[in-house]
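Student: Numbering (our numbering), first residue to last: 1 to 410.
Here a beta-carbon is modelled for each residue, glycine too, at the ideal position from N, C-alpha and C.
Treat the numbers as computed from the prediction; the structure is a model and nothing was measured.
This is the structure I want to talk about, given as C-alpha cells.
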Ligand SMILES: Cc1cc2nc3c(=O)[nH]c(=O)nc-3n(C[C@H](O)[C@H](O)[C@H](O)COP(=O)(O)OP(=O)(O)OC[C@H]3O[C@@H](n4cnc5c(N)ncnc54)[C@H](O)[C@@H]3O)c2cc1C
C-alpha cells in the first residue's frame with residue numbers, strides 16, 4: 001500500500017511517523033513545497049529573536065526519515081489530485097498513484113487588503129524563509145510596526161525587541177488577545193509588555209502602508225502616521241484548500257472532515273490547519289497532533305479510532321511572561337461562574353460550568369497550568385473549593401489528583 005502525505009508540517013510528519021511505525025509494509029511518501037526538513041513553527045520566534053540558527057531548526061535529521069522508511073520529497077509541490085484515478089501530479093510533471101492520500105497542507109498567513117501591503121519591507125511570519133527575511137530586515141530597521149495583537153503578533157514583536165528596534169503593535173480590537181483573554185487579563189498583559197519596551201495602539205486599525213518603493217510609514221484610522229522601515233502583518237491565517245477544492249472535495253473555510261478525518265472523497269484524509277471539523281478550525285498544534293493520530297490510525301485500518309474535539313490551549317512565548325489560556329475564557333451565554341485573582345502583574349481566572357472548570361487564564365504563574373489542565377480533562381467537580389482555587393497556599397494539584405485537599409487559611 002502506498003500513502004502519499006502532502007505537507008511536512010506537524011500534522012503530515014506525525015502521521016508519516018505513526019503510519020511507518022505501525023505498518024512497515026506501507027510505503028509512505030511525505031512531500032512538501034518547502035525546501036526544509038520538518039521544523040516546529042513555534043521555533044520561528046526563536047529564529048526571529050536570533051536565539052537559534054536556521055541549521056538548528058529541523059526537529060529530526062535526514063536519517064530519521066530513512067530509518068523509518070519514509071520517502072521524503074522536499075521542494076516538491078503537489079499541483080493536482082485526481083481522486084478517481086487515485087493519482088497526484090507533482091510540480092515537476094511527474095505523477096504518482098496512491099492507495100491513501102492525506103492532505104496536511106496547513107495554512108498560510110493572511111494579508112488583509114490594505115493599500116501598500118505589497119511594498120518591499122512588509123512581512124508575514126509563517127515559514128522558515130519568512131523568519132530569515134524578518135531577521136535580516138530587523139538588522140537594518142529602526143522602527144517596526146506589527147499589525148495584529150494576537151498571539152503570533154505579540155510573540156513576533158517581543159522577539160524583534162532583541163534587535164533593538166522601536167516596535168509598535170497595532171490592534172484594531174479594543175484589547176490584546178481577544179480570543180484568549182478577558183479585559184482585565186489583557187490590561188495586565190499590556191502593562192507587562194509595555195514595561196519591556198513594546199508600544200501599543202489599541203482599538204484602531206491601519207488604513208494604509210506607505211513608502212516610495214519601500215515601506216516608510218503606516219497611516220492609522222485617525223490619520224496619525226507611524227514611522228516604519230518594516231511592517232509585520234499578523235492578521236490570522238487561511239487554510240491551504242486550493243488543492244482539495246480543485247479536486248472537487250467538500251470545503252468550507254477548510255477541507256471538511258468527519259471524525260475519522262475522512263474528506264468527502266474515498267481514501268483521502270485531511271488533518272491539521274487545513275482541516276475543518278464540525279465547522280471548527282483551531283489552527284493550533286494540539287489539534288493538528290490529535291487529528292494526525294486519527295488519520296494515521298484510519299489509514300492503517302484502525303477504524304475504531306475517532307477524533308474528539310480538543311479543549312484548545314495556547315501559550316504566549318514571551319520569555320518571563322507566562323501566559324496560558326485554556327478553553328472557554330469569555331463565556332457569552334448564561335450558566336457560567338468566574339473565579340478571578342489579580343495581584344502584582346499576576347492574573348488568574350477559572351471559568352466554571354456546573355462546578356467543572358471549562359476554561360482558564362493563567363498569566364504570570366506557570367506552576368498551576370498542569371493542575372488546571374488535569375482538572376479540566378478529568379472533569380473534577382471543584383465547586384466545594386471554588387472560592388479557594390487561586391488562594392495562595394491552595395493545592396490545586398492535590399485537588400486534580402484526588403488527594404486530601406487542605407483549605408488555606410483566609
Ligand atoms: C510563528 C508561529 C508560532 C506558532 N506558535 C504556536 C504555538 O505556540 N502553539 C500552537 O499550538 N500553535 C502555534 N502555531 C500554529 C502551528 O504552527 C500550526 O497550528 C501548525 O503548524 C499546523 O500544522 P500543519 O501540519 O497542519 O500545517 P503547516 O505547519 O502549515 O504545514 C503544512 C505544510 O504543507 C506545505 N504545503 C502546502 N501546500 C502544499 C502542496 N500543494 N504541496 C506540497 N506541500 C504543500 C506547506 O508549505 C507547509 O510546509 C504557530 C505558528 C507560527 C507561524
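1. Buried or exposed: where does residue 139 fall if 16 or more other Cβ atoms within 10 Å of its Cβ makes it buried?
2. Examine the Cβ distances between the stretch 155-167 and the stretch 215-225 and report whether three or more of them are shorter than 8 Å.
3. Suppose contacts are defined by Cβ-Cβ distances below 9 Å. Is residue 31 in contact with residue 87 by that definition?
4. For a test of your reading of the model: does the CB of residue 284 fall under 8 Å from any non-hydrogen atom of ligand 1? Yes or no.
5. Please report the distance separating the alpha-carbon of residue 62 from that of residue 81.
6. Within 8 Å: the Cβ of residue 183 and any heavy atom of ligand 1?
7. Distance, Cα to Cα, residue 237 vs residue 273?
8. For ligand 1, is there a heavy atom less than 8 Å away from the beta-carbon of residue 40?
9. At which residues does the alpha helix (DSSP H) containing residue 298 begin and terminate?
10. Using only CA atoms, which one of 133, 108, 113 lies nearest to residue 120?
11. Which residues in the same chain have their Cβ closer than 8 Å to the Cβ of residue 58, if we skip the five residues on either side of it in sequence?
12. Report all residues from its chain with a CB closer than 6 Å to the CB of residue 340; omit the five preceding and five following residues, and keep chain order.
13. Buried or exposed: residue 225, going by 16 or more other Cβ atoms within 10 Å of its Cβ?
14. With respect to 8 Å, is the separation between the Cβ of residue 317 and the closest non-hydrogen atom of ligand 1 below this value?
15. Check the C-beta distance from residue 382 over to residue 352 and give it rounded, since I have them as a contact under 8 Å.
16. Got a sec, what are the start and stop residues for the beta strand (DSSP E) residue 342 sits in?
17. Would you grab the beta carbon distance between residue 168 and residue 216 for me? Rounded to a whole angstrom, and I think it's under 8 Å.
Tutor: Working from what's here:
1. Start at 1 with the first residue of the chain shown, and residue 139 comes out as number 139. It is exposed - the Cβ of residue 139 has fewer than 16 other Cβ atoms within 10 Å.
2. no
3. The residue given as residue 31 occupies position 31 in the chain shown. The residue given as residue 87 occupies position 87 in the chain shown. Not closer than 9 Å, so no.
4. By 1-based counting over the chain shown, the position of residue 284 is 284. Correct: residue 284 has its Cβ closer than 8 Å to ligand 1.
5. Residue 62 sits at position 62 when you count from the first residue of the chain shown. Residue 81 sits at position 81 when you count from the first residue of the chain shown. Approximately 27 Å, taken between the alpha carbons.
6. If you number the chain shown from 1, residue 183 lands on position 183. Not so, every heavy atom of ligand 1 lies at least 8 Å from the Cβ.
7. Working through the chain shown from its first residue, we reach residue 237 at position 237. Working through the chain shown from its first residue, we reach residue 273 at position 273. Whole-angstrom Cα-Cα distance: 9 Å.
8. Counting from one through the chain shown, the residue named residue 40 turns up at place 40. Yes, ligand 1 has a heavy atom inside 8 Å of this Cβ.
9. Mapped onto the chain shown, residue 298 falls at position 298. Note, residue 298: alpha helix (DSSP H), 285-299.
10. Indexing the chain shown from 1 puts residue 120 at position 120. That would be 133, whose Cα lies nearest to the Cα of residue 120.
11. Stepping through the chain shown from its first residue, residue 58 is reached at position 58. The answer, listed in chain order, is 36, 37, 38, 39.
12. Working through the chain shown from its first residue, we reach residue 340 at position 340. Result list for residue 340: 349, in chain order.
13. Here residue 225 refers to the residue found at position 225 when the chain shown is read from its first residue. Under this definition residue 225 is an exposed residue.
14. In the chain shown, counting from the first residue as 1, residue 317 sits at position 317. Flag set: Cβ of residue 317 near ligand 1.
15. On the chain shown, position 382 is the one that residue 382 refers to. On the chain shown, position 352 is the one that residue 352 refers to. Confirmed, about 7 Å.
16. Position 342 of the chain shown holds residue 342. Residues 336-343.
17. Position 168 of the chain shown, counted from the start, is the residue given in the question as residue 168. Position 216 of the chain shown, counted from the start, is the residue given in the question as residue 216. The pair is not a contact, with the Cβ atoms about 14 Å apart (cut-off 8 Å).
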